[in-house]
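**Student:** In UniProt numbering, the protein residues as written are 28 to 829. Take a look at this one; I'll ask things after.
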Amino acid sequence: PLTEIQAPTGPAGTSYPLYASVVIDIPSRALSDPFAYGVEAAYADDIDEGSVVLVSFGRRMVMGYVVALSPILSELPAAADLDPSKVKPIRDLLAPSSCSELFASVSFWMSREYVAALSECLRLFLPPGGTPRLDKADDGTYRLKEPAVHAVSERVVSITPEGADYAPPANAHRQRQLIEALSCGPVSTRELNLLYTDMSSTIRTLSKKGVVRVDERRAWRGLGDETTLSSARVAAPKTLTDGQQRALQEIYSCLQAGRGDVILIDGVTGSGKTEVYLSAIERVLKQGKTACVLVPEISLTAQTVGRFRSRFGGLVAVFHSRLSAGERLDQWDMVKSGAARVVVGARSALFCPLRDLGLIVIDEEHEQSYKQGSSPRYHARDVAAFMAKLGGFPLVLGSATPSAEALARVAAGEHLGQRWTRVEMPERPGSSVLPRVVISDLRREFAAGSRSIFSKPLYDGLIRVAERREKAVLLHNRRGFAPFLLCRECGCVPTCKHCSTSLTYHERTHALECHTCGAVYHINPYPAPGSACPQCGSRYLAKMGLGTQQVEDALRQIMPAHVDIIRMDADSTKGKDAHKELLEAFDASECAVLVGTQMIAKGLDFPEVTLVGVINADYALKMPDFRAQERAYDLLEQVAGRAGRGASAGEVVIQTYLPHDPVIRAVATHDRSIFTAHDLAQRQEAFYPPYVRLTNVLVWGTNQAATKRYIDKLAAAVRQCFDSLRGTDQAWSLAGDPTAAPIVLGPTPCVLERAKDRYRFHFVVKSPVGYHVSEAIDGALSQIGPQPGINVSVDVDAYDLM
Ligand code: ADP
Ligand code: ZN
Ligand code: ZN
28 PLTEIQAPTG PAGTSYPLYA SVVIDIPSRA LSDPFAYGVE AAYADDIDEG
78 SVVLVSFGRR MVMGYVVALS PILSELPAAA DLDPSKVKPI RDLLAPSSCS
128 ELFASVSFWM SREYVAALSE CLRLFLPPGG TPRLDKADDG TYRLKEPAVH
178 AVSERVVSIT PEGADYAPPA NAHRQRQLIE ALSCGPVSTR ELNLLYTDMS
228 STIRTLSKKG VVRVDERRAW RGLGDETTLS SARVAAPKTL TDGQQRALQE
278 IYSCLQAGRG DVILIDGVTG SGKTEVYLSA IERVLKQGKT ACVLVPEISL
328 TAQTVGRFRS RFGGLVAVFH SRLSAGERLD QWDMVKSGAA RVVVGARSAL
378 FCPLRDLGLI VIDEEHEQSY KQGSSPRYHA RDVAAFMAKL GGFPLVLGSA
428 TPSAEALARV AAGEHLGQRW TRVEMPERPG SSVLPRVVIS DLRREFAAGS
478 RSIFSKPLYD GLIRVAERRE KAVLLHNRRG FAPFLLCREC GCVPTCKHCS
528 TSLTYHERTH ALECHTCGAV YHINPYPAPG SACPQCGSRY LAKMGLGTQQ
578 VEDALRQIMP AHVDIIRMDA DSTKGKDAHK ELLEAFDASE CAVLVGTQMI
628 AKGLDFPEVT LVGVINADYA LKMPDFRAQE RAYDLLEQVA GRAGRGASAG
678 EVVIQTYLPH DPVIRAVATH DRSIFTAHDL AQRQEAFYPP YVRLTNVLVW
728 GTNQAATKRY IDKLAAAVRQ CFDSLRGTDQ AWSLAGDPTA APIVLGPTPC
778 VLERAKDRYR FHFVVKSPVG YHVSEAIDGA LSQIGPQPGI NVSVDVDAYD
828 LM
């Protein structure tokens, strides 16, 4: 295709001082390969790897990304056989490079690994502010569309060296105020005007005299007061625990040798993992390098950020989804300019322009939020491992409940040629001990006639917290269990007309809402509790499932008035700073109970919490998912870890109807092996990850029959590709059978058969670890071609198979 598209329309016979490999920005997987262009002398100094350029492509002008440069054409990828006289020039430089050094190699790898268009992967590395677009001006020239956000600057006032001895006249009250305000250093005009109402005329007077000067300075938005939580100001410990020392030794030896190892810190909650990250980063900064720390979005709280800021101050940039576009741009520029050398952020922070990256840390490594839900559907852990290998620096993973993937790789000692090691940190520092766990059997409570939300042990615990003026955290995990209406007579549950999901009932508005498409149904056509069932007309429509609101209400009934009750769920944290404000209120309170969904389980470190309650552990255990056990264990262990982090011992009460489940027993005894051994063995036997890779191919469309026909064709083509590999050196062995090829399961309708009026089908590919499915799936997709009205998504290492 190269020679065909590069038809000799350009000035023939030209030779260039430099040649560039350019990835065309077209969201098509088929056009992923880069094309060669010439760089004219005028641009040779300014075009870099990562530059955004304008090129002609066929009969169009398009934008593209430079991924490689060479003075010798044949040394560029995919340009070996190209005739230099047919190479067209780059027409314009649209934007200079703003990428980390690893961007090109990582993009190529991701594109292949995750069956994604290369341009899509490259875009991850571009500055925030939306995908760049090409604009054609009236005069026929092309520009990048102006970004919606701009850099902002502020004016700062400072005293000049000559002005140091200036003594204001006796009656110049305002001048004295200004000089006093500036005595400790420069202050922005905005702050001065806030403090002293309008100072501008005084500033003008004194700057004419040469006493003060005004400078324009880049202002960084998004550097809020993240350090305001008192408990965030943790000083570095004087002595490290044995576990911490072992972890740091492992990291330091990698740093020294420039080895790209993966080091799993398998440490109970509160064992001091964050302290290890902080010390390791200190070392990396001393080497003149930079560090990137990923934390799950949900635990990217003021508290977490505060701990990094209190150690590294203004060197820390932060990325999370609650930043505005302008704030995000400023954080990005801080990194780009080198002002920030430590980045703390959610998964996409991996792609920010850190130069000389020397360490990546992924905290709570097992968290599902590290997997991106839209294309490219990458897993941050795997991208980071690739970057570490490429850059020769360590990747540190931390978890109290490591993923099955990490455990299996550590057990093997390596994964795809990269060393994986583990350091265990089974103890908490100092006097802090693991909390006592009480399993409260709800079957017995029920048999004894109790109908309360709170079992006896939990009730007693809460009253004790109130009496001793301590703090408690109550988890009400509602994942997949929102309140809905159910007919007690016929079992009918009102469902959405567009999706096949049951509707969530909202008590305040008496409305039923679809959480897939957002459709809201008012009492008509579906009735409120007490009115008739849409199917059988019965009057016994009852509400099922408790909300956090009801737990809060029940709590208010039993707790004395001096106890603050704070609720944290999707509804109460809608505002930009709501999350932070609720945690601050909990932090500041004398005696409080924090009630919340899974968002409270992670990362909070409040030493005064002595009781943690789980309203019902069974919702987590009974999810229809091969990772349900792992996830339930993680959730329970994490929330239990919120108790007893300070000097006083903590207690955890877990309410359940399934007290003998291996997960519950493991949490109760603090012995993870009770369930991990069982879980890993089950997965190996049933061919589930981490022993095979799962790829979910989803097809959706408005016409049910056409969608079904399309996925049948696609699955058949993929099967054929795999069959043709049988017996070749690309064949793989499943269950020790060297003739076996990857397996295609399905196609079948999805569990969620219809969403937003689209019919959904999928098939699942099971393939060996280390095998790239992209060739087969790409091949099948281009063989069949796209079909209008039908969408396809390919999710490699899928989490969600529904
Ligand atoms: P994790 O990240 O494993 O949950 P943290 O690093 O947050 O653990 O540590 C838990 C608590 O113990 C924090 O308050 C921290 O300041 C404290 N801590 C950590 N390491 C030490 C140490 N070596 N000596 C004393 N206290 C420590
Ligand atoms: Zn009914
Ligand atoms: Zn719907």
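Glycine included, every Cβ here is placed at the ideal spot set by N, Cα and C.
Under 7 Å from any heavy atom of ligand 1, does the C-beta of Gln665 make it?
**Tutor:** The sequence position of residue 665 within the sequence shown is 638, counting from 1. For ligand 1, not one heavy atom lies less than 7 Å from the Cβ of Gln665.
**Student:** So, for Leu422: in the same chain, excluding its five sequence neighbours on each side, which residues have a beta-carbon less than 6 Å away from its beta-carbon?
**Tutor:** Mapped onto the sequence shown, residue 422 falls at position 395. Val289, Ile387, Ala411, Ala412 and Ala415, listed in sequence order.
**Student:** May I have the straight-line CA-CA distance separating Leu120 from Gly91, to the nearest angstrom?
**Tutor:** Against the sequence shown, residue 120 aligns to sequence position 93. Against the sequence shown, residue 91 aligns to sequence position 64. C-alpha separation (whole angstroms): 10 Å.
**Student:** Are the beta-carbon atoms belonging to Ile480 and Ile642 less than 8 Å from one another?
**Tutor:** For the purposes of this step, residue 480 is identified with residue 453 of the sequence shown, where counting begins at 1. For the purposes of this step, residue 642 is identified with residue 615 of the sequence shown, where counting begins at 1. Yes; because the gap between Cβ atoms is below 8 Å, this pair is in contact.
**Student:** DSSP three-state label for Gln204, please.
**Tutor:** In the sequence shown, counting from the first residue as 1, residue 204 sits at position 177. Helix at Gln204.
**Student:** Locate the alpha helix (DSSP H) running through Tyr169, then write down its first and last residues.
**Tutor:** Residue mapping note: residue 169 aligns to position 142 of the sequence shown, counting from 1. That residue, Tyr169, is in no alpha helix (DSSP H); its beta strand (DSSP E) goes Tyr169 to Leu171.
**Student:** For ligand 1, any of its heavy atoms closer than 7 Å to the Cβ of Asp822?
**Tutor:** Residue numbering aside, residue 822 sits at position 795 when the sequence shown is read from its first letter. Distances taken from the Cβ of Asp822 to the heavy atoms of ligand 1 include none shorter than 7 Å.
**Student:** In whole angstroms, give me the CA-to-CA distance for Asp756 and Glu102.
**Tutor:** Counting from 1 along the sequence shown, the entry for residue 756 is found at position 729. Counting from 1 along the sequence shown, the entry for residue 102 is found at position 75. Residue placement at Asp756 is poorly supported in this model, since its pLDDT is 46, which falls under 50; the coordinates still yield a value, given next. About 29 Å.
**Student:** Less than 7 Å between the CB of Ser298 and some heavy atom of ligand 4, yes or no?
**Tutor:** Because ligand 4 does not appear in the structure shown, any question about it cannot be addressed here, the ligands present being ligand 1, ligand 2 and ligand 3.
**Student:** Return yes when the Cβ of Tyr64 is within less than 8 Å of the Cβ of Ile117, no when it is not.
**Tutor:** Here residue 117 corresponds to residue number 90 of the sequence shown, with the count starting at 1. Here residue 64 corresponds to residue number 37 of the sequence shown, with the count starting at 1. Yes, they are a contact pair.
**Student:** Given Ala344, which residues of its chain have a CB within under 7 Å of its CB, disregarding the five upstream and five downstream residues?
**Tutor:** Numbered from its first residue, the sequence shown carries residue 344 at position 317. Excluding positions up to five away in sequence, the list reads Gln358, Met361, Val362, Ala367 and Val370.
**Student:** Leaving out the 5 sequence neighbours to the left and right, which residues in its chain are closer than 6 Å to Ile701 when beta-carbon positions are compared?
**Tutor:** Taking the sequence shown and counting its residues from 1, the one referred to as residue 701 is at position 674. Answer for Ile701: Pro689, Arg692 and Ala693, listed in chain order.
**Student:** Is the segment 285 to 301 close to the segment 440 to 452, with three or more CB pairs under 8 Å?
**Tutor:** With a cut-off of 8 Å, the segment 440 to 452 and the segment 285 to 301 count as touching, because enough Cβ pairs lie within range.
**Student:** Report back the beta-carbon spacing between Val771 and Val800 to the nearest angstrom; my notes put them in contact at under 8 Å.
**Tutor:** Translated into the one-based positions of the sequence shown, residue 771 becomes position 744. Translated into the one-based positions of the sequence shown, residue 800 becomes position 773. No, Val771 and Val800 are not in contact; Cβ-Cβ is about 10 Å, not under 8 Å.
**Student:** For the putative contact between Val184 and Ala131, defined by C-beta atoms under 8 Å, what is the C-beta separation to the nearest angstrom?
**Tutor:** Numbered from 1 along the sequence shown, position 157 holds the residue referred to as residue 184. Numbered from 1 along the sequence shown, position 104 holds the residue referred to as residue 131. The Cβ separation is near 44 Å, so there is no contact.
**Student:** I'd like the ranges of any alpha helix (DSSP H) spanning at least 4 consecutive residues and lying wholly in the segment 671 to 704.
**Tutor:** Runs of the alpha helix (DSSP H) spanning 4 or more residues and lying entirely within the segment 671 to 704 occur at 689 to 696, in chain order.
**Student:** Given this structure, state the Cα-to-Cα distance separating His789 from Val724, to the nearest angstrom.
**Tutor:** In the sequence shown, residue 789 corresponds to position 762, counting from 1. In the sequence shown, residue 724 corresponds to position 697, counting from 1. Approximately 5 Å between the Cα atoms of the pair.
**Student:** Looking at Glu302 and ligand 1, is the gap between the Cβ and the nearest heavy atom below 7 Å?
**Tutor:** Reading the sequence shown from its first residue, position 275 is the one you call residue 302. It does: the Cβ of Glu302 is within 7 Å (strictly closer) of some heavy atom of ligand 1.
**Student:** Pull up the CB-CB distance for Ala659 and Ala667, whole angstroms please, since I reckon it's below 8 Å.
**Tutor:** Numbered from its first residue, the sequence shown carries residue 659 at position 632. Numbered from its first residue, the sequence shown carries residue 667 at position 640. Not a contact, Cβ separation roughly 12 Å.
**Student:** I need the straight-line Cα distance from Thr683 to Gly623, nearest angstrom please.
**Tutor:** Counting from one through the sequence shown, the residue named residue 683 turns up at place 656. Counting from one through the sequence shown, the residue named residue 623 turns up at place 596. Those two C-alpha atoms are separated by around 18 Å.
**Student:** Mapping DSSP to helix, strand and coil, what is Thr229?
**Tutor:** In the sequence shown, residue 229 corresponds to position 202, counting from 1. Here Thr229 sits in helix by DSSP.
**Student:** Report the residue from Gly773, Thr317, Leu808 and Gln731 whose alpha carbon sits nearest the alpha carbon of Arg787.
**Tutor:** Residue numbering aside, residue 787 sits at position 760 when the sequence shown is read from its first letter. Here the closest residue by C-alpha is Gln731.
**Student:** Taking its Cβ as the centre, do 16 or more other Cβ atoms sit within 10 Å of Ser326, making it buried, or is it exposed?
**Tutor:** Here residue 326 is taken as the residue at index 299 of the sequence shown, counted from 1. So Ser326 counts as buried.
**Student:** Do Asp162 and Pro123 have their C-beta atoms closer together than 8 Å?
**Tutor:** Here the question's residue 162 lines up with position 135 in the sequence shown. Here the question's residue 123 lines up with position 96 in the sequence shown. The answer is no: Cβ separation not under 8 Å.
**Student:** Taking 8 Å as the threshold (C-beta atoms), are Gly671 and Val460 in contact?
**Tutor:** Locating residue 460 in the sequence shown gives position 433, counting from the first residue. Locating residue 671 in the sequence shown gives position 644, counting from the first residue. Inclusion of Val460 and Gly671 in the CB contact set at 8 Å is warranted, their separation being smaller than that value.
**Student:** Ligand 1 and Asp632: does any heavy atom of the ligand fall closer than 7 Å to the residue's C-beta?
**Tutor:** Here residue 632 refers to the residue found at position 605 of the sequence shown. Asp632 Cβ: within cutoff of ligand 1.
**Student:** Which term fits Tyr397, buried or exposed, when burial requires 16 or more other beta carbons within 10 angstroms of its beta carbon?
**Tutor:** Looking up residue 397 in the sequence shown gives position 370. Looking at its Cβ environment, which holds 16 or more other Cβ atoms inside 10 Å, Tyr397 is buried.
**Student:** If you drop the 5 nearest sequence neighbours on each side, which residues of the same chain put their C-beta closer than 7 Å to that of Leu45?
**Tutor:** Mapped onto the sequence shown, residue 45 falls at position 18. If you ignore the 5 residues before and after Leu45, its C-beta comes within less than 7 Å of the C-beta of Val66, Ala71, Leu96 and Pro98, all in its own chain and listed in chain order.
**Student:** If you run the structure through DSSP and keep just helix, strand and coil, what is Trp759?
**Tutor:** Counting from one through the sequence shown, the residue named residue 759 turns up at place 732. In this predicted model, Trp759 has a pLDDT of only 46, less than 50, meaning its place in the structure is not dependable; the value taken from the coordinates is given anyway. Trp759: coil per DSSP, three-state reduction.
**Student:** Given a cut-off of 8 Å on the beta-carbon distance, is the pair Leu377 and Leu321 in contact?
**Tutor:** Your numbering for residue 377 matches position 350 in the sequence shown. Your numbering for residue 321 matches position 294 in the sequence shown. The answer is yes: Cβ separation under 8 Å.
**Student:** Judging by CA-CA distance, which residue of Ala597, Gly806 and Ser146 is the nearest neighbour of Val49?
**Tutor:** On the sequence shown, residue 49 is found 22 positions in, with the first residue counted as 1. Of the candidates Ala597, Gly806 and Ser146, the one whose C-alpha sits nearest the C-alpha of Val49 is Ser146.
**Student:** Between the Cα of Ala803 and those of Pro769, Cys748 and Pro795, spot the shortest distance and give me the residue it belongs to.
**Tutor:** On the sequence shown, position 776 is the one that residue 803 refers to. Nearest C-alpha to Ala803: Cys748.
**Student:** So, with DSSP's three-state summary, where would you put Tyr279?
**Tutor:** Within the sequence shown, numbered from 1, the residue matching residue 279 stands at position 252. If DSSP states are grouped into helix, strand and coil, Tyr279 belongs with the helices.
**Student:** Looking at the unbroken beta strand (DSSP E) that takes in Leu291, where does it start and where does it end?
**Tutor:** If you number the sequence shown from 1, residue 291 lands on position 264. Val289 to Gly294 is the extent of the beta strand (DSSP E) around Leu291.
**Student:** CA-CA distance, Gln330 and Asp383?
**Tutor:** Position 303 of the sequence shown, counted from the start, is the residue given in the question as residue 330. Position 356 of the sequence shown, counted from the start, is the residue given in the question as residue 383. Answer to the nearest angstrom: the Cα atoms are 28 Å apart.
**Student:** Within 10 angstroms of the Cβ of Cys211, are there 16 or more other Cβ atoms? Answer buried if so, exposed if not.
**Tutor:** Residue 211 sits at position 184 when you count from the first residue of the sequence shown. By the Cβ-count criterion, Cys211 is exposed, with fewer than 16 other Cβ atoms from all chains shown falling within 10 Å of its own Cβ.
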